[in-house]
Amino acid sequence: MIKITSSLMCADQLELGKEIKMLEEAGTDWFHIDLMDGSFVPNFAMGIWQISAIRKATSLPIDIHLMSVSPERHIKKISYLGADIIIFHIEAAKNVQGVINEIKSYGKSVGIAINPETSVDSVKPYLEDCDIVMFMMNSPGFPGQKFNQIIMKKISNLYSFIKENSYRAEIMVDGAASAETIPLLSKAGATIFVGGTSGLFGKNKTYRQCIEEMKKAGK
40 MIKITSSLMC ADQLELGKEI KMLEEAGTDW FHIDLMDGSF VPNFAMGIWQ
90 ISAIRKATSL PIDIHLMSVS PERHIKKISY LGADIIIFHI EAAKNVQGVI
140 NEIKSYGKSV GIAINPETSV DSVKPYLEDC DIVMFMMNSP GFPGQKFNQI
190 IMKKISNLYS FIKENSYRAE IMVDGAASAE TIPLLSKAGA TIFVGGTSGL
240 FGKNKTYRQC IEEMKKAGK
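Counting in our numbering, the sequence shown tops out at residue 258, every number present.
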């Protein structure tokens, strides 16, 4: 069974508490919070202090997608504020193993994100200490982009490598996840999908209908 993590950046920001409750009732598995610094990506999204408020509003796991230069600067703070999973970009870290070790020192699950142009080989040396590898389907920082077919081969490549070496890491996809694309992504090896504007938000359906359709598509 695949898992859906709902992107709170795409939710109604003026009704975030209500949105969280509706998404919980709809069957989301956890919540995805994007933290953008305006430097690593040319956009800003969600404040670090929102993590604390969101943590109080839900008992479900929270994953933090840290789109920031020098990600190690923020790990201690977001750990204490309530993150369960911390995902950082391999392109932004000068000392990848150091960032991994710091995340683990706070008892959090480790995720490594890679941009579309980044080789999957860059993440392979760290898989033994990694819980999640998150593929960006498009350039990070802007929701609502189209499905990128090229990433499919990269997902399949990494999935085969993970299985061959008996690593525990799961493959997560951020961007363009919908009932139409999930069958292809799931077949390639992805098991976790960020629910964003492609498959969950802004549709003429309830959140429950959207999540059920996405989960059914991944069977």
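Every residue gets a Cβ at the ideal spot worked out from N, C-alpha and C, and that includes glycine.
Quick caveat, the model's predicted, so the values are computed rather than measured.
Nearest to residue i by alpha carbon, out of the options?
i	options	result
GLY121	ARG94, MET40, LYS147, ILE250	ARG94
GLY86	LEU197, GLU203, HIS113, ILE221	HIS113
SER199	LEU223, VAL80, ALA229	ALA229
PRO164	VAL135, ASN187, ILE142, ALA152	VAL135
PRO81	SER98, GLU63, ILE221, MET106	MET106
ALA262	ILE142, ILE125, GLU141, GLN248	Absent from the model: residue 262. The displayed extent of the chain is 40 to 258, so no value can be given.
ILE231	LYS254, ARG247, MET48	LYS254
ILE221	MET176, ALA92, ILE201	MET176
LYS143	ILE90, TRP88, VAL162, CYS169	CYS169
Check for me: the alpha helix (DSSP H) holding residue i runs from which residue to which?
i	result
GLY56	55-65
MET191	189-203
ILE142	135-144
SER225	221-227
If you measure between the beta carbons of residue i and residue j, is that distance less than 7 Å?
i	j	result
VAL172	ALA208	yes
ILE41	GLY214	no
ILE103	ILE250	no
ALA227	SER205	no
GLU58	ALA65	no
VAL212	PHE174	yes
ALA218	GLU167	no
GLY56	ALA84	no
ILE101	ASP68	no
MET48	TYR246	no
Run the CB neighbour count on residue i, radius 10 Å, all protein chains shown included, and call it buried at 16 or more, exposed below.
i	result
LYS193	buried
GLY241	exposed
LEU239	buried
ILE189	exposed
PRO110	buried
GLY235	buried
TYR145	exposed
GLY137	exposed
SER46	buried
LEU53	exposed
GLU203	exposed
LYS244	exposed
LYS147	buried
SER78	exposed
SER98	exposed
SER225	buried
SER237	buried
Could you spell out where the beta strand (DSSP E) holding residue i opens and where it closes?
i	result
MET175	171-175
PHE79	Looking at the DSSP string, PHE79 is not in any beta strand (DSSP E), and its letter there is neither H nor E.
GLU209	209-213
MET253	Where MET253 is concerned, there is no enclosing beta strand (DSSP E), although the alpha helix (DSSP H) it sits in stretches over 246-256.
LYS42	42-46
SER118	Note, SER118: premise wrong, no beta strand (DSSP E); alpha helix (DSSP H) at 114-120.
SER148	148-153
ILE129	Run containing ILE129: none; DSSP gives neither H nor E here.
Is there at least one non-hydrogen atom of the ligand SAH closer than 6 Å to the beta-carbon of residue i?
i	result
MET173	This structure lacks the ligand SAH; in fact it carries no ligand of any kind.
Does the region 115-132 come within contact of the region 64-79, defined as at least 3 CB pairs closer than 8 Å? yes
Under 8 Å: do the region 156-165 and the region 124-134 share three or more Cβ pairs, one atom per stretch? yes
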